[in-house]
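A.B. asks: Residue numbers (the numbering used here): 23 to 220.
Dumping the structure here so I can ask a few things about it.
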Amino acid sequence: MDPRREPMDRLARLASNDAMTTTDHTPPLDGATGSALADASLAHPTWEDVVRRIARRSYCVLGTSSPVHRPHSAGVLYAEADGALYISIERDSRKGRNIAANAHVSVNVPIRRLPVGPPATAMYASTAELLPIDDPHILELARDGRITAVTSHGELEHPAGAFVRIAPPQVVHTYGLGLSLLTFIRNPLRAAGRVERP
23 MDPRREPMDR LARLASNDAM TTTDHTPPLD GATGSALADA SLAHPTWEDV
73 VRRIARRSYC VLGTSSPVHR PHSAGVLYAE ADGALYISIE RDSRKGRNIA
123 ANAHVSVNVP IRRLPVGPPA TAMYASTAEL LPIDDPHILE LARDGRITAV
173 TSHGELEHPA GAFVRIAPPQ VVHTYGLGLS LLTFIRNPLR AAGRVERP
């Protein structure tokens, strides 16, 4: 057996045993028709499923841009409430400075469907707002226990701290969602999807 095939074979075996996997007879891409088939996505995610998966996670990669358009990305913890994401930062951090100058951000949430291999993802662009640690809305969410992931380590008492509220998205782009695991593994070039807020 070709050792280069071993990781993919292992993924296929795991997918075959996964309860979400269904029988799949879709042929993989080949060299002659790859570019044409890649345009026909096999992924059909739903808005409800995607936002539910985002709400159940607590880690994303946040992308910001400086006043001179220098990009910056960082892995951050978040808490979801009413579709918005809340993140604790230091106001003078690069993230904080960038958001103060440019509210446009990107969010990339990894969504693991198997214990090995690359995760699926949900990605979107939105706008961010900096909030002080004593913002009434933040304090209300904290009292209600809705943003515990970003308030349970002393964030509300951090003198240099702030919170970021990322507005709920209108469009989310996905990769690896809305199709069976086996289809995902066999057709990685056709696993991109897109959902819009109803």
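Backbone N, C-alpha and C define an ideal beta-carbon position, used for all residues, glycine too.
Output the distance between the C-alpha atoms of residue 127 and residue 93, rounded to the nearest integer angstrom.
C.D. replies: For the purposes of this step, residue 127 is taken as the residue at position 105 of the sequence shown. For the purposes of this step, residue 93 is taken as the residue at position 71 of the sequence shown. If I take the Cα positions, the gap works out to 10 Å.
A.B. asks: Please give the ranges of any beta strand (DSSP E) in the segment 69-140, keeping only runs that are unbroken, at least 3 residues long and fully inside the region.
C.D. replies: 81-87, 93-99, 101-103, 106-112 and 126-133
A.B. asks: How long is the line joining the alpha carbons of residue 153 and residue 117, rounded to whole angstroms?
C.D. replies: Within the sequence shown, residue 153 is the residue found at index 131, counting from 1. Within the sequence shown, residue 117 is the residue found at index 95, counting from 1. Straight-line Cα distance between these residues: approximately 13 Å.
A.B. asks: Enumerate, from N- to C-terminal direction, the unbroken beta strand (DSSP E) stretches of 3 or more residues contained entirely within the segment 139-187.
C.D. replies: As far as the segment 139-187 is concerned, its whole beta strand (DSSP E) runs of at least 3 residues are 142-153.
A.B. asks: With distances taken from CA atoms, which of 156, 91, 146 and 155 is nearest residue 83?
C.D. replies: Numbered from its first residue, the sequence shown carries residue 83 at position 61. Closest option to residue 83, Cα to Cα, is 146.
A.B. asks: On the criterion of 16 or more Cβ atoms from any shown chain inside 10 Å, does residue 194 qualify as buried, or is it exposed?
C.D. replies: If you number the sequence shown from 1, residue 194 lands on position 172. Classification for residue 194: buried.
A.B. asks: Below 8 Å, how does it come out for the segment 71-86 and the segment 128-143: are there three or more Cβ pairs, yes or no?
C.D. replies: These segments touch.
A.B. asks: Please look up how many angstroms separate the CB atoms of residue 144 and residue 98, rounded, as I've assumed it's under 8 Å.
C.D. replies: Here residue 144 refers to the residue found at position 122 of the sequence shown. Here residue 98 refers to the residue found at position 76 of the sequence shown. The Cβ separation is near 15 Å, so there is no contact.
A.B. asks: Give the single residue among 91, 197 and 133 whose Cα lies nearest to the Cα of residue 81.
C.D. replies: In the sequence shown, counting from the first residue as 1, residue 81 sits at position 59. It is 133.
A.B. asks: Based on Cα-Cα distance, which residue from 207, 210, 200 and 206 lies nearest to residue 216?
C.D. replies: Along the sequence shown, read from residue 1 onward, the residue named residue 216 stands at position 194. Among 207, 210, 200 and 206, the Cα nearest to that of residue 216 is on 200.
A.B. asks: Would you check if the distance between the CB atom of residue 119 and the CB atom of residue 150 is smaller than 8 Å?
C.D. replies: As a working note, residue 119 is residue 97 in the sequence shown. As a working note, residue 150 is residue 128 in the sequence shown. Cβ distance not < 8 Å, so residue 119 and residue 150 don't count as in contact.
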